[in-house]
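Here's the structure we're looking at; comments come further down.
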Amino acid sequence: MSFIDGCAVKMLTPLLAARFPFGRADQLRDVMKWCASDYFIKASIGERFEARGLVVIGESRQGKSTEIQTMLKAFNDGTTIMPDGRPAVIVSCLLSGKVTWKDLGIVILEELGYPLRGRHSQAEIWSKVRKCAELQGVVGIHFDECQHVFTEDDSVTNQKMLDSFKSLLKDQHWPLMLIFSGIPSLSIHIKKEEQLDRLLRTVSFEGIDLTREADMEELLQVIFSYADKAGLDVDSFATDEFPHRLAFAACQRWGLVIELLIEAFGHVAHEPDKVCRIDHFSAAFSKISGLPLGYSPFTMPDYQRHFDQSKLMEAYEKTRSKKKSRAKSP
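The opening residue of the sequence shown carries number 1 in UniProt numbering; numbering runs sequentially from there.
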């Protein structure tokens, strides 16, 4: 007896692999192109230089990590060649909690395929990071969820972290481009170090605002493009009301919109008519938020009064944390 649901695999595989071409992806790519071109020009001159970087900010579940990883996959495909003739590489690390500069160096070394054993000083660790990066042609580092390295009340520690990031951009032997991503408070911390801030450009991932015609059009395109991928009929959702309910249920987060769509469409996998209905979205909402089945912005008549979006986001994050904890359990 197989434990693989063939219908679900057929339905969900193309959806999970799909990447909707949001306009923000073009903006992100343009800033990365500016950053990489600046690096190439300065490296080709052969003198000491400062690298550039970018800051990508937006509320959680806006799809920042997905967009950045998609961009880095393209950057690391071997077509971006540096003046030394080697393909350029940018590595990425996720900062899931408070870390020191020494801890951060150890994480980066692991990403570079050089896990440390034994005791090492902070200076030794970062010396190895720079050496490994140079040997492997690594020209940049992406720090995801970077707000975790800063605290609200320890300005001395924060300043040391900012100075350390700045030193990577300005390293006299092997400067590194830096990509920082996180929630909006990250930008506030970075702006406290003027020399670091001037070397960076910011890309903001805004939430859904259906009073903007462009956002309404993009949301409809997302709905129907994912439905086409799944081979489903969603014509009944081509109304003014449904996009507003979907955006509200997703707390105006583009990433959550896509999560809800994929989860809802997955519930249609065993339906013979392949028609997606409101109850599929209600079930998807319950699965992702952890709230009782049937109690959702898709089914409640006065949904905006019944749901507080800040508490709803807490429910989403709580459910995600539980899933991560179960995944880590032996």
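Glycine included, each C-beta is placed from N, C-alpha and C at the ideal position.
Per-residue burial, LYS229 [other beta carbons within 10 Å of its own, 16 or more giving buried]: Here the question's residue 229 lines up with position 229 in the sequence shown. So LYS229 ends up on the buried side.
Cβ-based burial, PHE3 [other Cβ within 10 Å; buried from 16]: In the sequence shown, the residue the question calls residue 3 occupies position 3. PHE3 comes out exposed.
DSSP state of CYS251 mapped onto helix, strand, coil: Against the sequence shown, residue 251 aligns to sequence position 251. CYS251: coil per DSSP, three-state reduction.
Classification of ALA214 by the beta-carbon crowding that lies within 10 angstroms, buried from 16 upward: Walking along the sequence shown from the start, residue 214 turns up at place 214. Burial call: exposed.
For VAL55, the first and last residue of its enclosing beta strand (DSSP E): The residue you call residue 55 lines up with position 55 of the sequence shown. VAL55 -> beta strand (DSSP E) spans 53-57.
Own chain partners of GLY58 with C-beta closer than 6 Å, once the 5 adjacent residues on each side are dropped: The residue given as residue 58 occupies position 58 in the sequence shown. LYS64, PHE205, listed in sequence order.
LEU232 beta carbon less than 8 Å from that of PHE265: Locating residue 265 in the sequence shown gives position 265, counting from the first residue. Locating residue 232 in the sequence shown gives position 232, counting from the first residue. It is a contact, given that the beta carbons lie within the stated cut-off.
Short Cβ contact (8 Å threshold) for GLN69 with ARG253: What you label residue 69 is simply residue 69 of the sequence shown in a count that begins at 1. What you label residue 253 is simply residue 253 of the sequence shown in a count that begins at 1. No, they are not a contact pair.
Nearest-angstrom Cα separation, counted from LYS274 out to PRO115: Locating residue 115 in the sequence shown gives position 115, where the first residue counts as 1. Locating residue 274 in the sequence shown gives position 274, where the first residue counts as 1. Cα to Cα, the separation comes out at about 49 Å.
Length of the line joining the Cα atoms of TRP101 and ILE125: Walking along the sequence shown from the start, residue 101 turns up at place 101. Walking along the sequence shown from the start, residue 125 turns up at place 125. Each residue's alpha carbon lies about 10 Å from the other.
Segment contact, 8 Å Cβ cut-off, at least three pairs: the segment 72-87 with the segment 125-140: Taking a contact to require three or more Cβ pairs closer than 8 Å, the segment 72-87 and the segment 125-140 qualify as touching.
C-alpha gap between ARG320 and ALA8, whole angstroms: For this step, residue 320 is matched to residue 320 along the sequence shown. For this step, residue 8 is matched to residue 8 along the sequence shown. So the two alpha carbons sit approximately 21 Å from each other.
C-alpha distance - ARG130 paired with LEU176, whole-angstrom precision: For the purposes of this step, residue 130 is taken as residue 130 along the sequence shown, with counting starting at 1. For the purposes of this step, residue 176 is taken as residue 176 along the sequence shown, with counting starting at 1. The straight-line gap from Cα to Cα measures roughly 9 Å.
Limits of the unbroken alpha helix (DSSP H) element including CYS35: Residue 35 sits at position 35 when you count from the first residue of the sequence shown. Looking at the DSSP string, the run of the alpha helix (DSSP H) that includes CYS35 is 23-45.
Close-in-space but distant-in-sequence residues of the same chain around SER310 (CB under 8 Å, 5 per side omitted): Taking the sequence shown and counting its residues from 1, one reaches residue 310 at position 310. For SER310, where only same-chain residues beyond five positions count, there are no Cβ hits under 8 Å.
Backbone CA spacing between GLU194 and GLU47 [nearest angstrom]: Counting from 1 along the sequence shown, the entry for residue 194 is found at position 194. Counting from 1 along the sequence shown, the entry for residue 47 is found at position 47. About 24 Å.
Supposed close pair ILE208, ALA247 - CB separation, criterion 8 Å: Within the sequence shown, the letter at position 208 stands for residue 208. Within the sequence shown, the letter at position 247 stands for residue 247. Right, the Cβ-Cβ distance comes to about 5 Å (below 8 Å), so this counts as a contact.
Reduced DSSP category for ILE68 - H, G, I as helix; E, B as strand; rest coil: On the sequence shown, residue 68 is found 68 positions in, with the first residue counted as 1. It is helical.
Cβ neighbours of LYS191 in the same chain (closer than 8 Å, five flanking residues each side left out): By one-based count along the sequence shown, residue 191 stands at place 191. Excluding its 5 nearest sequence neighbours in each direction, LYS191 has C-beta neighbours in its own chain below 8 Å: ASP197, listed in chain order.
Inside the UniProt domain "ORC1/DEAH AAA+ ATPase" (50-186) only - alpha helix (DSSP H) runs reaching at least 4 residues: 64-75, 101-111, 122-136, 155-170
Closer than 7 Å: LEU95 CB and nearest the ligand ATP heavy atom: This structure does not include the ligand ATP; it has no bound ligands of any sort.
Every unbroken alpha helix (DSSP H) within the segment 236-315, with a cutoff of 4 residues, ordered by chain: Listed in chain order, they are 241-249, 254-266, 278-289, 303-306.
Sheet register partners of ARG201 (DSSP bridge): Numbered from 1 along the sequence shown, position 201 holds the residue referred to as residue 201. ARG201 is bridged to LEU54.
Through-space distance from ASP77 to GLN154, alpha-carbon basis: Position 154 of the sequence shown holds residue 154. Position 77 of the sequence shown holds residue 77. Rather than Gln, the amino acid found at residue 154 in this sequence is Asp. Taking the straight line joining both Cα atoms gives about 40 Å.
Assigned secondary structure, ASP228 (DSSP; H/G/I helix, E/B strand, else coil): Position 228 of the sequence shown, counted from the first residue, corresponds to residue 228. Looking at ASP228 - three-state DSSP - the assignment turns out to be helix.
Assumed close pair HIS189, LEU210 - CB separation to whole angstroms, cut-off 8 Å: Here residue 189 refers to the residue found at position 189 when the sequence shown is read from its first residue. Here residue 210 refers to the residue found at position 210 when the sequence shown is read from its first residue. That belief does not hold up - the Cβ atoms of HIS189 and LEU210 are roughly 31 Å apart, past 8 Å.
Residue nearest to LEU15 in terms of C-alpha spacing, selected from GLU145, GLY113, GLU259, SER282: Counting from 1 along the sequence shown, the entry for residue 15 is found at position 15. Nearest of GLU145, GLY113, GLU259, SER282 to LEU15, Cα basis: GLU259.
The alpha helix (DSSP H) enclosing LYS192, as first and last residue numbers: Translated into the one-based positions of the sequence shown, residue 192 becomes position 192. Element bounds for LYS192: n/a, residue is neither H nor E.
Straight-line Cα distance separating PHE150 from LEU135: Counting from 1 along the sequence shown, the entry for residue 135 is found at position 135. Counting from 1 along the sequence shown, the entry for residue 150 is found at position 150. So the alpha carbons of these two residues sit roughly 30 Å apart.
Between the CA atoms of LEU261 and TYR226 - distance to the nearest angstrom: Taking the sequence shown and counting its residues from 1, one reaches residue 226 at position 226. Taking the sequence shown and counting its residues from 1, one reaches residue 261 at position 261. Cα to Cα, the separation comes out at about 8 Å.
Bridge partners - ASP233, DSSP secondary structure assignment: Along the sequence shown, read from residue 1 onward, the residue named residue 233 stands at position 233. Paired residues: VAL275.
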